[in-house]
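> Structure below; questions to follow.
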Amino acid sequence: MVGVGDYLWAGFKTGMIYVYDLQSKPRKIKKGWWAHKYPILELHLDTTSIWRVKRYQVLSLASDNIIRIWDGLLMEDWLENEMCKRDEEFCTFRICDNHFIINAITPQPALTIETEDVRKDSRVIKDYRKRHDTK
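For the sequence shown, position 110 matches number 111 in our numbering, and the numbering has no gaps at all.
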């Protein structure tokens, strides 16, 4: 477990990471996701990352020796929530009523015959036309 700002990060042997909001009472899960396929052995806060990449980073190490790096303060989630709160100020919404036909069949010819007889018939018709057009 590691604390980042108002969040508590916890890694589990299922490979899941849960981020708890410490300001809410009772504590709420802010976010949870499959971080690794294998058990998480350690979570570590990189305190120097604030100077290099302008954010806190949390590193997770799993038993398959894979290290993954996460945004410690969940800035993208915070930004998305803030944008959703103010979307009516900047966006216009309207109802769009669309209808879709599910499992529709593409139109096909009602009669398709591809046999030797059809080819012979078409040759006969061409010969007949040629004979009558030359007169």
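Note that beta-carbon positions come from the ideal geometry of N, C-alpha and C, so glycine has one too. Because the structure is a prediction, the values reported are computed rather than measured.
Give a yes or no on whether the C-beta atoms belonging to Gly16 and Trp35 are separated by under 7 Å.
Counted from its first residue, the sequence shown places residue 16 at position 15. Counted from its first residue, the sequence shown places residue 35 at position 34. Going by C-beta atoms, Gly16 is nearer than 7 Å to Trp35.
> Using the beta-carbon count (16 or more within 10 Å), is Trp79 buried or exposed?
In the sequence shown, counting from the first residue as 1, residue 79 sits at position 78. Burial call: exposed.
> Taking DSSP as the reference, what is the three-state secondary structure of Asp7?
By one-based count along the sequence shown, residue 7 stands at place 6. Asp7: coil per DSSP, three-state reduction.
> Among Met84, Arg95, Trp71, Phe94, whose alpha-carbon lies nearest the alpha-carbon of Lys32?
Numbered from 1 along the sequence shown, position 31 holds the residue referred to as residue 32. Of the listed residues, the one whose Cα sits closest to Lys32 is Trp71.
> Please give me, in chain order, every unbroken run of the alpha helix (DSSP H) with length at least 4 that falls completely inside the stretch 8 to 35.
none
> Just checking, does the stretch 59 to 76 make contact with the stretch 2 to 10 on the three C-beta pairs under 8 Å criterion?
yes
> Anyone know if the C-beta pair for Asp65 and Gln58 falls short of 7 Å?
If you number the sequence shown from 1, residue 65 lands on position 64. If you number the sequence shown from 1, residue 58 lands on position 57. No; because the gap between Cβ atoms is not below 7 Å, this pair is not in contact.
> With distances taken from CA atoms, which of Thr49, Met2, Phe101, Gln24 is nearest Ile18?
Your numbering for residue 18 matches position 17 in the sequence shown. Checked all of Thr49, Met2, Phe101, Gln24; the closest Cα to Ile18 is Met2.
> Per DSSP, which one or two residues make a beta bridge with Arg69?
Numbered from 1 along the sequence shown, position 68 holds the residue referred to as residue 69. Its beta-bridge partners are Ser61.
> Hey, quick one: how far does the alpha helix (DSSP H) through Leu80 stretch, first residue to last?
Working through the sequence shown from its first residue, we reach residue 80 at position 79. Residues 76 to 86.
> With a CB to CB cut of under 6 Å and the five nearest residues on each side skipped, what residues in its chain are close to Val20?
Position 19 of the sequence shown, counted from the start, is the residue given in the question as residue 20. If we look at Val20 and ignore the five residues flanking it on each side, its Cβ neighbours are Tyr8, Trp10, Lys31, Lys32.
> Is Ile96 helix, strand or coil by DSSP?
Taking the sequence shown and counting its residues from 1, one reaches residue 96 at position 95. Ile96 falls in the coil class under three-state DSSP.
> Which word fits Gly4, buried or exposed, when buried means at least 16 other C-beta atoms lie within 10 angstroms of its C-beta?
If you number the sequence shown from 1, residue 4 lands on position 3. Its Cβ having fewer than 16 others within 10 Å, Gly4 is exposed.
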